[in-house]
Amino acid sequence: MPDTSKSSPPDTRLPDPSDYVQDGAVLIGCSRQGRDLVPECIELRLANRHGLVTGATGTGKTVTLQVLAEGFSAAGVPVFAADIKGDLSGLGVRGEARPNLVQRAQEIGLARYGNAAFPVAFWDVLGEQGHPVRATVQEMGPLLLSRLLELSEPQEGVLNIAFKWAEDERKAGDERMEILDLKDLRGVIDEMGKQAATLRSKYGNIAPATVGVIQRSLLVLEQQGAEKFFGEPALDINDFLRTGPDGRGVINILSAEKLMNTPRLYATFLLWMLSELFEKLPEVGDLDKPKLVFLFDEAHLLFNGARTAVLDQIERVTRLIRSKGVGVYYVTQSPGDVPDRISAQLGNRIQHALRAFTPKEQKSIRAAAQTFRKNPELDTERVIQELQVGEALVSVLHNKGEPSVVQRTLVRPPMSRVGPLTTQERRALIDADAKNLDKYTKTLDRESAHERLKARNTTVGQVKDKIRRFGNLFNLNR
Ligand SMILES: Nc1ncnc2c1ncn2[C@@H]1O[C@H](COP(=O)(O)OP(=O)(O)OP(=O)(O)O)[C@@H](O)[C@H]1O
Ligand SMILES: [Mg+2]
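Given below as structure tokens:
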């Protein structure tokens, strides 16, 4: 916005994104302490100690995520964020000086309010609103897949056998016996049913009824659109770790509007991404800033109805991913949505307003208030209910990693657009992202378990299979 004042002071430069990152800290907003306005920030060196953003609907969580994403990006830290309602996509274009945003800038004493666009990459499991994100069934593994298929433990047992059997076949020389997509998995499960009698001695019992249940669950999963997700080219997690030519971190935005219709798919998919990051990234210890910040919106879906084994995995990944330089920020409506053992690991906390209509809600507000390091000036329990939109209780890790005293903080206004992109704006940004476009647009369908099993079931295939098995012995493999 041009400065129209007649006698401009010498420093009329509008702030640019880097102004919100100073001395290794990212500005969130300002608190009022006595008569002073005090900047509240997240320390970049402690940003991998994770965080929690909570608040009732409409209290400013998404805008706060936007501010965090902008800050990390400006600090050169790539970000991954799930975009539940489409409004985070606004990060990709310059915002405008709307009255409520300018007012917020003034409230927190910012001399000027500036706007900027941020480097973004769009992703979409369904391949519509961004580059397709795919994983192979094998990469997802039996634990997460069982959750996706809502299998019981005995059923999960059979799924484990299917994975193990395919692995053994590969080791025995049939290298293409890979479970890449749902067709492959279906084929292998079928095969388990057919060969149940012979496989029993090696792998254990495979009840026909169980095979039937898994097949039916697979069908449901396919109907939910998951077949688009499973396959190749699989996502290379390193593509989330990019910075732009200007050194700013790329903000990877996963379009999750449609995906949210199938909450289990959404949650499992995000958990898979976290697990991938955890497995693929090297150990780095404590860095001066994270390698990636992962913003996990609607995180309660991850924990709802999760079996102990899955919760164990979430806890383990959250605990250990820190030393890979990844900070995870869970976002939910109420802090009570996050199990204690995971909540205990979330050091940087931003609590927007909560409403208490029922005794149960009152109780959860009390619990939320008690998680903060006490500020003698604040009645935390009361303040949580009084906070305005875009205002939050903030306590972050500082010094040696201890939580700061909680402060009532007005979150700064974002520099990018508050609200979604138009279809055309989004398309233009996707098309400009040539590297990801080249790499991910086209689906690959290599020969894998499905084709291998089909081939084995023909007469020629059976002969070939026998030769493959015994070829070395008789010198037939030519
Ligand atoms: N820091 C802020 N400065 C100025 N305005 C803000 C700020 N935070 C939020 N607002 C205003 O409040 C509106 C609602 O905020 P937001 O979308 O972030 O809420 P939410 O908690 O994500 O809601 P929901 O739970 O429905 O997704 C915004 O569109 C914006 O107009
Ligand atoms: Mg929101």
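Residue numbering for the sequence shown follows our numbering, beginning at -12 and increasing consecutively.
Cβ atoms here follow ideal geometry from the backbone N, Cα and C, with glycine treated the same way.
For R235, which of D452, N444, S60 and L52 has the nearest alpha-carbon? Closest option to R235, Cα to Cα, is S60.
D70: first and last residue of the uninterrupted beta strand (DSSP E) it sits in: From DSSP, the beta strand (DSSP E) with D70 extends over V66 to D70.
Alpha helix (DSSP H) segments (min. 4 residues) lying fully within the segment 110 to 138: Fully enclosed alpha helix (DSSP H) runs of 4 or longer: 124 to 136.
Give the DSSP-derived three-state secondary structure of T197 in the structure shown. In the structure shown, T197 falls within a helical segment according to DSSP collapsed to helix, strand and coil.
R32 versus G11 - alpha carbon distance: The straight-line gap from Cα to Cα measures roughly 7 Å.
So, helix, strand or coil for N87, using DSSP? Of the three classes helix, strand and coil, the one that applies to N87 here is helix, per DSSP.
Between the alpha carbons of P86 and P129, how many angstroms are there, rounded? About 52 Å.
Just the Cα atoms here: how many angstroms apart are F283 and L380? The straight-line gap separating the alpha-carbon atoms of F283 and L380 is approximately 19 Å.
Mapping the DSSP letters down to three states, classify V392 as helix, strand or coil. Three-state result, V392: coil.
Should A319 be counted as a contact of ligand 2 given a C-beta to heavy atom distance under 8 Å? Inspection of the sequence shows that residue 319 is occupied by Thr rather than by Ala. No, Cβ of T319 sits at least 8 Å from all heavy atoms of ligand 2.
Does any heavy atom of ligand 2 sit closer than 8 Å to the C-beta of P71? Reading the sequence as shown, one finds Ile at residue 71 and not Pro. Residue side-chain check: I71 places its Cβ nearer than 8 Å to a non-hydrogen atom of ligand 2.
N248, buried or exposed, once every other Cβ within 10 Å from all chains shown has been counted against 16: So N248 ends up on the exposed side.
For E94 and Q375, what's the separation of their Cα atoms in angstroms? Straight across, the Cα-Cα distance linking E94 with Q375 is about 13 Å.
Looking at C-beta atoms only, is the number of pairs between the segment 162 to 179 and the segment 428 to 440 that lie closer than 8 Å three or more? Yes, the segment 162 to 179 touches the segment 428 to 440.
So for E438, helix, strand or coil by DSSP? It is helical.
Determine which residues share a DSSP beta bridge with Q210 and list them. In the DSSP output, where bridge partners are listed per residue, Q210 has none listed.
Beta-carbon proximity of P2 to Y100, cut-off 9 Å: One thing to note: P2 has its Cβ within 9 Å of the Cβ of Y100.
Below 6 Å CB to CB, which residues in the same chain sit around F359 once its five sequence neighbours on both sides are set aside? Sequence-distant partners of F359 (beyond 5 residues in either direction) whose C-beta falls short of 6 Å from its own C-beta, in its chain, are T367, S382 and V393.
Ends of the alpha helix (DSSP H) at T295? Where T295 is concerned, the enclosing alpha helix (DSSP H) stretches over T295 to I308.
Rounded to the nearest angstrom, what separates P(-11) and R413 at their Cα positions? Below a pLDDT of 50, predicted positions are generally treated as unreliable, and P(-11), at 49, falls in that range; the measurement from the model is reported next regardless. Taking the CA atoms as reference points, P(-11) sits about 27 Å from R413.
Rounded C-alpha distance that separates A103 from V8: It is roughly 15 Å from the alpha-carbon of A103 to the alpha-carbon of V8.
Using the C-alpha atoms, what's the distance from V13 back to D6? Distance between the alpha carbons of D6 and V13: 9 Å.
Could you work out which residue in Q211, K215 and A56 is closest to A122 when comparing CA atoms only? Residue K215 is the option with its Cα nearest to A122.
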